[in-house]
Every structure is written in structure tokens, then in C-alpha cells.
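A.B. asks: Counting from 1, one number per residue, gives the positions in the sequence shown under full-length UniProt numbering. Glycine included, C-beta positions come from ideal geometry on N, C-alpha and C. Since the structure is predicted, the reported quantities are computational estimates derived from the model, not experimental observations.
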Amino acid sequence: MKGADDRVWSIQEDRFGTLWVGTSTGLFTLNRRTGQFSPYYFGINPAEKQPIIESMYLGADNSLWVATHRRGLYRLLPGKTPLPGLRNAATTYVPTGQVYLNNLEILPHGLAEDEHHNLIAGTFSGLIQLDPATGKSVTYQADPTIAGSLSHNVVWALLADNRGTFWIGTANGIDRYSMLMPQFAFYQPIPDHNVTPRFENHVTTLSTDRRGNIWFSNAKRPYAEGVFRLNLSDRHTYVNYTSQLLTPTLLTPKKMVVNASTVDATAVDAAADLISTIHCDRSGRIWMATPSGLHTMDANGQFRHYPASFSITSIEDDNHGNLWVGGQSNLARFDPTNGRYTRYPIDKDSPIGKGGGQVNDILVSRAGDVWVAVGGVGPCKLDFRTGRFVSYHPKHTENQKIMYSRDVPALCETHDGAIWVSTNIGGIFRIDPKTAAVSTFTIHDGLPDNHVVALVTDQAGMLWMATGEKLCRLNPVTRKLRVFDNRDGMLSREFTGACTRTPTGELAFGCTNGLVVFRPSEMGVNPYKPPVYITQVQVLDSTRLFPKLPLTLAYSANEISFNFVGLNFIAPEKNRYAYQLEGANSEWVYCGAQRTATYSFLAPGDYVFRVKASNNDGVWNEKGTAIRLVVLPPWWRTWWAYTLYTLLAALGVWALIRYRSRQLLRANQLLECKVALRTEEVIHQKQEIETQRNHLADALNELKDTQDQLIQREKLASLGELTAGIAHEIQNPLNFVNNFAEVSVDLIDELKEGPLLKLSDSEKDYAGEILGDLTSNLKKISHHGNRASSIVRGMLEHSRTETGEKRFIDINALADEYLKIAYQGLRAKDKVDSTGPAPAGPPERDRFNCELKTDFGTEFGKVEVVPQEIGRVLLNLYSNAFYAVREKQKTTMNGYEPIVTVKTTQVNQYIQIRVIDNGTGISDSIKAKIFHPFFTTKPTGEGTGLGLSISYDIVTKGHQGLLLVESQEGVGTEFIIQLPTAH
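1) Taking the C-alpha atoms as reference points, what is the distance between Gln-909 and Pro-980?
2) Is it buried or exposed for Asp-761, if we count other Cβ within 10 angstroms and need 16 for buried?
3) Whole angstroms is fine: what's the gap from Ile-711's alpha carbon to Glu-702's?
4) Would you check if the distance between the CB atom of Leu-206 and the CB atom of Trp-167 is smaller than 7 angstroms?
5) Taking the straight line between their C-alpha atoms, what separation do you get for Leu-474 and Asp-209?
6) Between the C-alpha atoms of Leu-759 and Asn-735, what's the straight-line distance to the nearest angstrom?
7) Nearest to Gly-387 by CA position, among Phe-429, Arg-343, Glu-413, is which residue?
8) I'd like the span of the alpha helix (DSSP H) that includes Gln-868, first residue to last.
9) Determine the extent of the alpha helix (DSSP H) in which Tyr-952 is found, giving its start and end residues.
10) Would you report the Cα separation of Gly-970 and Thr-901, rounded to the nearest angstrom?
11) At the 7 angstroms Cβ level, is Gln-824 part of the contact set with chain C, yes or no?
12) Just to check my reading of the structure: Gly-427 and Val-390 have Cβ atoms closer than 8 angstroms, yes? What is that Cβ distance to the nearest angstrom?
13) Which same chain residues, not among the five before or five after Ile-362, have their C-beta less than 6 angstroms away from its C-beta?
14) Could you pull the start and end residues of the beta strand (DSSP E) that Gln-906 belongs to?
15) Quick check: Pro-530 and Ala-613, are their CB atoms within less than 7 angstroms of each other?
16) Hey, could you find the ends of the beta strand (DSSP E) Ile-174 is sitting in?
17) What are the boundary residues of the alpha helix (DSSP H) that Gln-824 is part of?
18) Do you know offhand how far Thr-414's Cα is from Gln-358's?
19) Report all residues from its chain with a CB closer than 8 angstroms to the CB of Glu-54; omit the five preceding and five following residues, and keep chain order.
20) Please state if the CB of Leu-875 and the CB of Tyr-818 are separated by a distance shorter than 7 angstroms.
21) Would Leu-877 pass as a contact of Val-915 if the rule is Cβ separation under 7 angstroms?
22) Pair every Cβ in the segment 438-452 with every Cβ in the segment 498-515, then say whether three or more of these pairs are closer than 8 angstroms.
23) In chain order, what residues of the same chain have a beta carbon less than 7 angstroms from the beta carbon of Phe-154, not counting five sequence neighbours either side?
24) Report buried or exposed for Asp-617, applying the criterion of at least 16 other Cβ atoms within 10 angstroms of its Cβ.
25) With Ile-926 as the anchor, note down where its alpha helix (DSSP H) starts and where it stops.
26) So, with DSSP's three-state summary, where would you put Val-263?
27) Look at Leu-602 and Asn-568 and say whether their C-beta atoms are less than 7 angstroms apart.
28) Hey, Phe-931 and Leu-946: beta-carbon distance below 7 angstroms or not?
29) In terms of residue numbering, what span does the beta strand (DSSP E) encompassing Cys-472 cover?
30) When DSSP builds the beta bridges, which residues end up paired with Asp-61?
31) Just checking my contact of residue 1048 with Tyr-659 at CB under 8 angstroms: how many whole Å lie between their CB atoms?
32) When we look at the beta-carbon of Ile-926 and count the other beta-carbons within 10 Å, is it buried (16 or more) or exposed?
33) If you compare alpha carbons, which of Arg-487, Ser-178, Thr-904 is closest to Ser-149?
34) In three-state terms, what does DSSP make of Phe-601?
35) Just confirm the distance between the C-beta atoms of Gly-921 and Ser-967, as a whole number of angstroms; I'd bet it's less than 8 angstroms.
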């Protein structure tokens, strides 16, 4: 729509959401998404002048009735093309059902429909009722002679309420018509019975609200002179809202609306006084602030003046019925019971005194604290204990630059006890009275403007604020903000500082051309999540409306744009969008109302373009929609190109390796020759060194052996000398004892054969007993003397300093010979002990018998040893073995067979001689002691404890061998002689 004469006379929305706009240049439809208007020509040539649209009405069957100026009445049916308007004055009905009432004298100004779907049209010739089905019509006109007729034939407006009653605005007032009472009831704003109607009684507009109140305006449109509400109980009483609309200063923050047009200036004692603010206290009493003080009006409409020494600009009452009033650099408490002001001294050092500012607003909190908004200073709280003021300001930081103005227009308290303060250029900020913490809320937090002129809370605790052009609702807890403007139905675009909450919960904000009044509970949130669609994809200069998915782009055409839309038709211009290209960025791009996203120079790869949208109330469709995009790589970055690169690289590496390998092979061959030569030299040197080392080792071993033999011989020589001396000294007394014992036995025998026979029998018996005892004692002396001699001989043998000569002998023959000698010697000695009287009992036991086993190895030859010494060792080991099996035989029941086994074998560089018996065995506790000198397990008198000690020294020291023992108690014992094969 263009042109200065494009005045909008009527707007209608059909059930399909199409918005029809009637103007002075024709009928238009509005595209809400693009904001573009499309003309509707009624079948008239577009080059011709289109009809002026007077009014429109949407019927129950979704037909649109359009009243035009001097071109009749049109009916637009869905899916049909209307006929051009007929100019035949006689034509009242067209059978096609598309054009009605083409009489040039009929100018419809109001349209409505009754319960039978008949069309009611208001014209300058009365009221017409038309039946669309038959084309028949009934006309109602004014007749002063008939009671209950239409008040005037000129009908300006027509309204059908929810009860089926028709209200008709005429040039002489308002008529009411109901099908139940087929008469017109008459209402007039200015009662007058003249034939010529008063200008003020021209009712040009009618409307109704949710409560059923009838609102109308008077005078000829388009310039209405006032807004009225019809009092249905008294047809001649109206509530006039004209003064409030033309005097917005009477609407102040948190104050009620007062009809100042009915206040008598003389009643307030000062016709020239300017009423700066009006306040209704909690008792319903009205207070007005003027430069001369306070004025109040009681229930009888009488006024009373309370003079003040300063000009009062703000009023607030507390819980005690007192009024707090403020003005220029002044604050006082007014007591209505005595009419006295209590001023709080404000010196130059106080915050108010320093700023010298105006007290713009006063707030008495639920806790009883008094807060004042002072221009040039900011919010201050009165400390009743000191009578001084405490100011509060937000903190400034480098990271959060706050444009804070100390000119604060208003204060407000929310349900949590927090104090909210509005500023001119710093948004709003919140004060926590308990902690004195101050936090801000500015355009950085979503506020449309930092200039906030009014604050008020609704009954639900929401904080409402008016900026320069928009209305905002803030949730103090979640800090979620919603912004309202003319797109939400507000008529004004500039708010003043006036706002209030009525006792019924309605909020009213003053603006430059009237009031914005609404119920916050009815300002619901649109829950509809708009579906999102991608409408167009543009690649370079090519547009694709229905592209094949997934989108595939060549590397050279790497520039793509997406157009998208969210389908929400309630204030669609407030829809918001966000998009994201997965694979390129992980964050959502919030682009506001912009519906296009463009990407250039995308790297080859797979992408997913996602877009989501929100409706006019910020409810997001998080799912949104998505489209897959594939950007192809250039040929040199394709898979086959990379395959070729890989093959070429592999070929180059192979050639390099081949060339390098040949070089290394030649170098290795040369190096191997050098290494071979060097290795031969090293091996020759190593052999020479090993030969020298072996010679030195042999020499060292010989030296050590010689040294050990010298040391051993020296020790043995010293021990032999000592032992020989001791043995010589002992041997003589032993010989004397043994000899005299034998002589004494011979003398006793002579006594028994000679003098003993001469004695009497009694004396003979007594002397025989004595001689028997002496004989027994002498035998024991002789026995133990012989034993002592044996010990001395052993000592002499153990200490001999000279050893026999070593020679090579057959070790098997030596072992077998000494085995037989030891066995026969033991058998010869094995008889009943004859040192005492013969015991009573069974006859003398049989001689000792033992099974002898030999296992001589043949894999070795003769061994170099000292035969006498190795013989002594074997004889000692055989004797111990025979003793062990004999002792076990004495203590074992029948079935035990004594066995002594002798084995010879070669193990590495040693010849082993093993002597094995199945005798009593040796316990682990004494196994480590058996090679110690004088240690024996035999009873006293049967062993000297030197046999194993001498044998150990002969094997280990004399032959550099080993003498080992393995035994298990109760099972048997094995002695192992290990002799080296070479020295």
C-alpha cells in the first residue's frame, strides 16, 4: 500500500489466517512473513480506480462481506471469483451469490450477522436485514411518530454482542435491538430531543470487552472527541475517559487514575496549582501533591489542604498510616491524624544534600524500610537509628562496563524482598537489603533499551518495566525476559513514567497518546514450537528448490547459501533463528530474524547443516531440521589421486632402497673382507693369549699345590711331633699296665693250681671267689689298656707327616679286596662276649652274615692314588656299613636282609666310589658332625671317633677329592668318594 490517501478503514482475518485490509484505495491481503500487501480487484480492471472499503464482516460460513463506498456490497466466497460491481439501481440481488445491494444510494457503514445468518447492514438510509439464500430484505428506518423505532436513519456503527443483542450507533445516539424484543431502545451521550441532532451524539464507533461493557466514541470520524463506557443501569449516565487520555501527567508510578476533569479548582484553594502526583492510600483516601503541599478528598468530595514548606513531587504510605512525601532535596513523614510533617534533616554531607537532586520516587518495603530514588544520587535507604541515608551503587569492572546513571526514575520491591531500581541509561539493578549486594540487568542481558522509565510488579511476582518504546516482563528468579511492542497489539510506541497495578490485578502504563491497560495473567506464552523448513539452497548463482539429497558440491563451486523459515504466524517478525554446520563449527549461530546462512571455501568433507527456530515468545523448536552436505575434493585430493601418490611414493622408496641396498652391499663386502682379515689376526692373538694364560694358570696351580702341600706337611710335622711325644709318653705306662695285667692273670692261675688246693673247702670257695673277681678285673684292665693303645696308634697314624707314594692302581680291585678283608675280619670278631660268665638262655648266636653287592665300572682305567691310604678309607667305610646293618639286624624282626653295595663309576673328570648300606641311617641333626675328629655314634669302647675324620683328610687333602654322605634315618646310608682322574 502506497500513497498519502492509503487510510485503513477496516481489517478482518478469515479462518484460513488471511488478513484482509480495507483502505481508501481498495482491498488488500497481507503476507505476514514478508510484510507485503497484495491487491484484490473484485474482477475490476486493475487499471481502473478500486472501490473505497467502508467495512467488512466475516460470516459464519467463512464468507467475507465487504461494504464499499458507492459500489455496493460484495460477498466473497472461498474458491469463487467475484463479479464486478453492478451499477443498476434496480438490481438488489445477483443469483450467483457473489454481489449484493448495488444500489448507489446505499452506503453500508456497519455489518453484522444475526442468529439465522441474515446479514445486518447499517446504511445512511436505515438498517437493512438481508437473507443471503433468498435475496429478500427488510429495511428499518426512523419514524418519530412510532415509539421504539430507529432513532436516526444515518447508521455509523453496528455491534453484535455475545448475547445476540445488536447495538446501533446513529447520528443521534445508540439504539439497542434484540430479536426477543423487536423494538429499539434509545441511549444518548448528551440527552437532547431536538429534531436536529447534537454533534456530540454522533456515535461513530462501537466495541465490547470481555466483561460485556459497551465502549463507544462520539463525533464524526476519523477524529473522535472522546471515549465512553455505557452505563447499562442508567441510559443517560456515562463514564468519560477523555480527560485521562489528554492529561497523561495524572497517571504516575504506582498511582491510580483520577478523573481530574471533575475536580473544582476552587476547592483546592489554588487554581494555578499543578498537581504533580496523585496517590490513593490503603484506606481509599485520595491525596494530591502540589507545589504548595498536600490536598486530600474525602468520601463526600470535600477537599482539605495541608501546606508544606517544600514542593511535593512523590507520595507513599506505610503500614502505620503515615505518608512519606519527597520533593527537591527534601524528605518528610506526614501524619494524617494531626497534619504534621516530620522532616529528616538533610545537610550538605548527606547523599541527597550532595546531589541536590529531586526525590523521584519513594518506596516503603515490606520490612518497613524507606527507600528513596534521588535524581543525580541514586537509590538511598533511610537509617532510622541515625536519621542518615545509605546509598547503593553497582560496582564497575573492566570486564563489565556498566553505563550507570544516578538519575533513577522509579523503585519497586519484588516478593523476595529485593529492591529493583530503574535508571535512564544503565538499565535496572537489584539490591539485596540483607547482603547489600547489587547486580545489574542491561541490554547485555536481553533488555531492549537501557532507558527504563517505569517499574511495577504483578500479582504473580513478575517484574514489569517500560522502556522508551517497549514493555518488558522479567522473572526475578530465573532472569528470563519477554519483550512486548506494537507487534503484540500495543498502540503506543513511547511510554511515560506512569504505571500502576489496580486492585483487580490489572496493570496500566501511561504513554504519550493514552493508556496501555492489560491483565498480566492473560499475557500467556505461545507454546507452539514452529516447524522449520529449508526453503531454498543457492550454490553460486544457481538456485535449487528441491535439491537431491545429500547435497553434493564440486570443489570449484564451494559457495552455498541456505534459506529457511519457521512457520509461526503470530507476530512472525519476532521469530528467531539459529543455525549450525556440523563439521565446520560446533557452536550455534544465533542470527536473530535473519533467515539466510552462507558458507564459502568449505574444506572437502561431509557436513550437516542444522537450523532451528523460535516463535514470537522465544519458544524454540530444538529439533529443527537438517540437510546433509558433501563437498567433493579436487581431483588431486581424491582417493585415486592419493592411491597414485602412494604408488609413486612406494616406487620412489623402493628405488631408493634398491640403490641404497646395492651401495650397502658393496660396502658390506669390503667390510667383510677387512673384518675377516682382522678376525684372523684377532683369533691368532687370542689363541696365543689363551696358550699363555693356560701356561700361567698351570704354573699358578702347581705353585698353589706345592704351597698347600708344604703348609700341610708343616702342620702335619708339627702335629706328628706333638702326637709322637704324647704317644711315646703314654705308650710306656700302657705297656707296663698291660704287661703286669697279663703277669697277674698268670699268677692267679698258678694260685688256683697250687696253694688254693691246700685250703679247706670253705676257705677254698671264698678264695676262689676273690680270685675270680681279680681275674675279671685284670681282664677289664687289659681290655681297656688295649683300647687306649689303639687310640694312641690312631693318633700316631693321624699325625704322620709322611704319606705313601702315589701310583696308578686298579681302583676296582682295591675296593673289592678291602671289602672282603673288612667282611671276614668282622665275621671273625663276631662271637659271644667272653669277658664275663656265659649268660643263661639260648645257645651261642650264629656268626654275622651280610649280602655283598658290587657294581664296578669299566669305562675308566687305573687311577693315581696312595693305595694304603685309600685302603684305610675304604676299610673304615666298610666297617661303618657292616656295623650299621648289624645293629639294624639286632633290632629288626625276621625278614631283614643286610646288604652292602659298592659301586664305581666315572662322572666327568672324577672317579666315584659309592659305599651303600641299608642299615640304621644317620639323622639330619648329626649328619654335619660326622667328619669332626673324636665324634662317634657308637657306644663307649666301640669307636674312637677318628675313622671318618682321618678318611676325610686323606680324600680331600691328600688326594684333592671329595667325601660326601647321603643318608635317611631308618633306610640307609651312602658314602661317596670322589677322586680326580688327573692331578
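C.D. replies: Here's the rundown:
1) So the alpha carbons of these two residues sit roughly 6 angstroms apart.
2) Result: exposed.
3) Near 14 angstroms, if we compare the C-alpha coordinates of Glu-702 and Ile-711.
4) Taking 7 angstroms as the Cβ cut-off, Leu-206 and Trp-167 qualify as a contacting pair.
5) Going from the Cα of Leu-474 to the Cα of Asp-209 covers about 27 angstroms.
6) Answer to the nearest angstrom: the Cα atoms are 35 angstroms apart.
7) Checking every option, the nearest Cα to that of Gly-387 belongs to Arg-343.
8) Secondary structure note for Gln-868: its alpha helix (DSSP H) is the uninterrupted segment 867-891.
9) Start and end: 947-953.
10) Distance between the alpha carbons of Gly-970 and Thr-901 is about 17 angstroms.
11) Absent from the structure is chain C; it holds one protein chain and no more.
12) Cβ atoms of Gly-427 and Val-390 stay farther apart than 8 angstroms, at about 22 angstroms.
13) Once the five neighbours on either side are set aside, the close Cβ partners of Ile-362 are Ser-314, Glu-316, Trp-324, Gly-326, Val-372.
14) It spans 899-907 - the beta strand (DSSP E) in which Gln-906 sits, taken as one unbroken run.
15) Between Pro-530 and Ala-613, the C-beta gap is smaller than 7 angstroms, which places the two residues in contact.
16) Looking at the DSSP string, the run of the beta strand (DSSP E) that includes Ile-174 is 173-177.
17) That run of the alpha helix (DSSP H) goes 811-829.
18) Distance from the CA atom of Thr-414 to the CA atom of Gln-358, rounded to whole angstroms, is 24 angstroms.
19) Result list for Glu-54: Trp-9, Ser-10, Gly-22, Ala-67, Thr-68, His-69, Leu-107, Pro-108, His-109, in chain order.
20) Between Tyr-818 and Leu-875, the CB-CB gap stays under 7 angstroms.
21) Using a Cβ distance threshold of 7 angstroms, Leu-877 and Val-915 count as a contacting pair.
22) Flag = no, the segment 438-452 and the segment 498-515 do not touch.
23) Before going on, a small fix: residue 154 reads as Val here, not Phe. In the same chain as Val-154, and ignoring 5 residues on each side of it, the C-beta atoms closer than 7 angstroms to its own belong to Phe-124, Thr-170, Ala-171, in chain order.
24) So Asp-617 ends up on the buried side.
25) Counting along the chain, the alpha helix (DSSP H) containing Ile-926 begins and ends at 924-927.
26) In this prediction, Val-263 has a pLDDT of 33, which is less than 50 and means its spatial position is unreliable; nothing more can be read from the coordinates.
27) Taking 7 angstroms as the cut-off, the beta carbon of Leu-602 is found no closer than this to the beta carbon of Asn-568.
28) No, they are not a contact pair.
29) First-last of the beta strand (DSSP E) with Cys-472: 471-474.
30) Looking at the DSSP assignment, Asp-61 forms no beta bridge with any residue, so it has no partner.
31) Past the boundaries of the shown model lies residue 1048; the chain is included only from 1 to 983, so the question cannot be answered.
32) Exposed, because fewer than 16 other Cβ atoms sit within 10 Å of the Cβ of Ile-926.
33) Residue Ser-178 is the option with its Cα nearest to Ser-149.
34) Coil at Phe-601, not helix or strand.
35) About 5 angstroms separates the beta carbons of Gly-921 and Ser-967, which is inside the 8 angstroms limit, making them a contact pair.
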